[in-house]
Amino acid sequence: MVYRVSAYVEPHYPIKKSLLTSAAQSALKAANVRAKVELAVSVIGDRKMRNLNREYRGIDEPTDVLAFSYSLQTGKPHEFVTPPSPYLNLGDVIISYPQLINRAVDEETMVDEMAQLLVVHGVFHLLGYDHDKPQEATEMEFLEDKALESIQV
638 MVYRVSAYVE PHYPIKKSLL TSAAQSALKA ANVRAKVELA VSVIGDRKMR NLNREYRGID
698 EPTDVLAFSY SLQTGKPHEF VTPPSPYLNL GDVIISYPQL INRAVDEETM VDEMAQLLVV
758 HGVFHLLGYD HDKPQEATEM EFLEDKALES IQV
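Going by the working numbering, the sequence shown opens with residue 638, and the numbers climb by one from there.
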């Protein structure tokens with residue numbers, strides 16, 4: 638299992654890239670991904686997140702996490718062209734730092750733990766998991782818990 642996870646954090650947000658990459662790798666392991674895959678995790682501000690949410694989901698407000706899959710067939714033509722690689726590019730997980738903080742406060746949890754949860758949640762969306770139906774939500778939550786238990790920072 639070879640995973641390539643890159644992380645970008647806007648400079649003014651105090652979060653370690655290693656925390657993000659470790660969480661993503663734990664999610665891939667929990668899902669039993671055996672292929673060579675790569676993905677990116679980015680931490681941005683509310684203004685950029687609101688723009689992305691409006692453009693891609695039609696919702697004019699920031700959200701905590703978005704996942705943009707490059708590998709799932711959505712019926713829409715891909716807007717992004719990825720160069721040939723021995724790795725399957727799963728896509729991008731985008732997290733709003735201000736929304737991450739708000740959720741951590743609301744749920745009375747540590748900021749780092751909330752960041753890990755949002756990364757794991759986003760990675761499972763990249764892998765095709767969803768939570769629209771109760772059975773799907775149960776499966777996704779089980780895998781998220783499995784991934785979060787195994788995180789090594």
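Glycine included, each C-beta is placed from N, C-alpha and C at the ideal position.
Sub-7 Å separation of residue i and residue j beta-carbons
{"i": "Asp743", "j": "Ala677", "result": "no"}
{"i": "Asp683", "j": "Pro735", "result": "yes"}
{"i": "Asn726", "j": "Tyr707", "result": "yes"}
Cβ separation of residue i and residue j, assumed to be a contact under 8 Å, to the nearest whole Å
{"i": "Tyr766", "j": "Glu776", "result": "7 Å"}
{"i": "Asp701", "j": "Leu755", "result": "6 Å"}
{"i": "Val680", "j": "Val646", "result": "4 Å"}
{"i": "Ala664", "j": "Ala784", "result": "4 Å"}
Through-space distance from residue j to residue i, alpha-carbon basis
{"i": "His758", "j": "Leu737", "result": "13 Å"}
{"i": "Val748", "j": "Tyr724", "result": "31 Å"}
{"i": "Leu703", "j": "Ile732", "result": "7 Å"}
{"i": "Val639", "j": "Met686", "result": "30 Å"}
{"i": "Pro699", "j": "Phe761", "result": "20 Å"}
{"i": "Ser722", "j": "Leu780", "result": "28 Å"}
N-terminal and C-terminal residue of the alpha helix (DSSP H) that residue i is part of
{"i": "Arg671", "result": "Arg671 -> no alpha helix (DSSP H), and no H or E assigned at all."}
Helix, strand or coil at residue i [DSSP, three-state]
{"i": "Ile732", "result": "strand"}
{"i": "Leu791", "result": "Residue 791 lies beyond the residue range present for the chain, which begins at 638 and ends at 790; the question has no answer from this structure."}
{"i": "Pro714", "result": "Only weak support exists for where Pro714 lies, its pLDDT of 46 falling under 50; the coordinates are left without a value."}
{"i": "Tyr645", "result": "strand"}
{"i": "Ile681", "result": "strand"}
Residue-chain proximity (residue i, chain C), Cβ-Cβ < 7 Å
{"i": "Glu781", "result": "Here there is only one protein chain, and chain C is not present."}
N-terminal and C-terminal residue of the beta strand (DSSP E) that residue i is part of
{"i": "Val702", "result": "Val702 to Ser706"}
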